[in-house]
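First residue of the sequence shown? That's 40 in the numbering used here, and the numbers climb one at a time after it.
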Amino acid sequence: MTADPAAEAGRLQMQFDDNSLLAQLFGERDANLGRIERQLGVSLVSRGNRLAISGPTARIDVAKTALSALYQRLQRGLEVDAAAVDAAVKLAATRPGHRELWGEGEEIRTRKRRIAARSANQAAYIRALREHELVFGLGPAGTGKTYLAVATAVDMMMNGTVERIVLSRPAVEAGERLGFLPGDLREKVDPYLRPLYDALYDMLPGEQVMKRLDSGEIEIAPLAFMRGRTLANAFVILDEAQNTTPVQMKMFLTRLGEHARMAVTGDLSQVDLPGGAHSGLRDALDTLAGVEGIGVVEFTEADVVRHPLVARIVRAYDQRDRKRHGPRSKR
């Protein structure tokens, strides 16, 4: 693939070497090109293995970077769908001119799929999960905090970096009064841990998930059942951590054992603790600020990768909260 360096201002021409990949790159009826045009306000016209890009110069650079990355993705045998196109455009906007948007440490391989970062913050988060023993992922729903942590955990278990995965959430309410719910332990907590199950089934075949749950290689349990344990050789994830108390959070963090990793995810704008109780997640961030070996990645509505309307909903609520309470602190 080559680009004409002498293209006139406002117009650039790209040329691709492998015609067999162009149908996937451009999309059915050029749907992927249309998606890029709408997002960047550029014009994309294809003729054979050539693609002309015209529009504002800065946006041409973003389109070229995104298309180059998507073409390289196809060359590596990865799919290009609408989500990948959106991710490429987002990443290209933050890394214009970069030849490689998805770096060495920014893709996750599981048994069912390969997962690539869809924003610069997601890329930083994946790197942090691989490089740090404890990582806090903060931000609104739909930014991939939990999904990417589960994917990284599955990847590390499959390659032998860790021996098992432990997934936890505060269940029901801050007091976790599970005894009042009918059924055995799994029946009591399953409704509250369902998002973690959903992520697992996205990464592994269903029979493997069940087999590993039965063998203990994958454990899903409410936070209340972490007390008194030392979690070694494991990747441990605490989801919805904003709904922990400071005592619960300290208890959880001190479960970290030898050769273990921890990911703590939560949204500080969605604290559901009764009576205005102080969030253990906020307390941990304040207490551990500057402690070596801890990674913190903060997501915004720009990182939302669900339906585009979700990002607009998050933005609207944030704007309302800022009007009511003034600008929120980073933590």
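For every residue, glycine included, the Cβ atom is placed at its ideal position computed from N, Cα and C.
Item, Value
"N-terminal and C-terminal residue of the beta strand (DSSP E) that R115 is part of", "Taken as a continuous stretch (DSSP letters only), R115 belongs to no beta strand (DSSP E), as it is neither H nor E."
"Nearest-angstrom Cα separation, counted from Y356 out to K362", "10 Å"
"R150 versus V124, L262, T269 and E246, residue with shortest Cα-Cα distance", "E246"
"L83 vs V101 beta-carbon contact at 8 Å", "no"
"Between the CA atoms of E76 and Q287 - distance to the nearest angstrom", "49 Å"
"Same chain, Cβ closer than 7 Å to A113, five either side skipped, listed in chain order", "Looking at the sequence provided, one finds Leu at residue 113 rather than Ala. Result list for L113: L60, Q63, L64 and V119, in chain order."
"Helix, strand or coil at F274 according to DSSP, with G and I counted as helix", "strand"
"Identity of the residue in R152, Q161, R115 and L117 nearest T133 by Cα", "Q161"
"Cβ shell of I204 (< 6 Å), same chain only, five flanking positions each side left out", "A192, M196, I257 and F274"
"CB contact flag (H171, I333, <8 Å)", "yes"
"Completely contained beta strand (DSSP E) runs for the region 232-295, where each covers 3 or more residues", "257-261 and 273-277"
"Neighbour-count burial assignment, L348, 16 or more Cβ in a 10 Å radius", "exposed"
"First and last residue of the uninterrupted alpha helix (DSSP H) at L327", "G319 to L327"
"Nearest residue (CA-CA) to G94, options P313, Y110, G49 and P179", "G49"
"Straight-line gap, T283 to D306 (C-alpha atoms, nearest Å)", "12 Å"
"Buried/exposed call for A70, threshold 16 Cβ in 10 Å", "exposed"
"Separation of L168 from M301, as counted between CA atoms", "8 Å"
"Residue range of the beta strand (DSSP E) that includes R153", "R153 to A155"
"Span of the beta strand (DSSP E), counted from its first residue to its last, around L206", "R203 to R208"
"DSSP three-state assignment for F175, whether helix, strand or coil", "strand"
"Per-residue burial, P244 [other beta carbons within 10 Å of its own, 16 or more giving buried]", "exposed"
"CA-to-CA distance, D360 to E67, given in whole angstroms", "42 Å"
"Residue environment, A97, which counts as buried when at least 16 other CB atoms sit within 10 Å", "exposed"
"S254 classed as buried or exposed, judged by whether at least 16 other C-beta atoms fall within 10 angstroms", "exposed"
"Whole-angstrom distance between A123 and L270, CA atom to CA atom", "36 Å"
"Exposure label - Q281; buried when at least 16 CB within 10 Å", "buried"
"Residues that DSSP places opposite V84 in a beta bridge", "A91"
"Three-state class that DSSP yields for G314 in the structure shown", "helix"
"Nonlocal neighbours in the same chain, by C-beta distance under 7 Å from L109, ignoring five residues either side", "L64, V119, A123, V124 and A127"
"Limits of the alpha helix (DSSP H) - the one that A180 falls within", "Note, A180: premise wrong, no alpha helix (DSSP H); not H, not E."
"Contacting residues, own chain, Cβ-Cβ under 7 Å from A190 (five flanking each side not counted)", "I147, T149, I154 and M242"
"Reference A91, options Q52, T185, I165 and V353, closest by Cα", "Q52"
"Separation of G87 from A179, as counted between CA atoms", "Note that residue 179 is Pro in the sequence shown, not Ala. Approximately 43 Å, taken between the alpha carbons."
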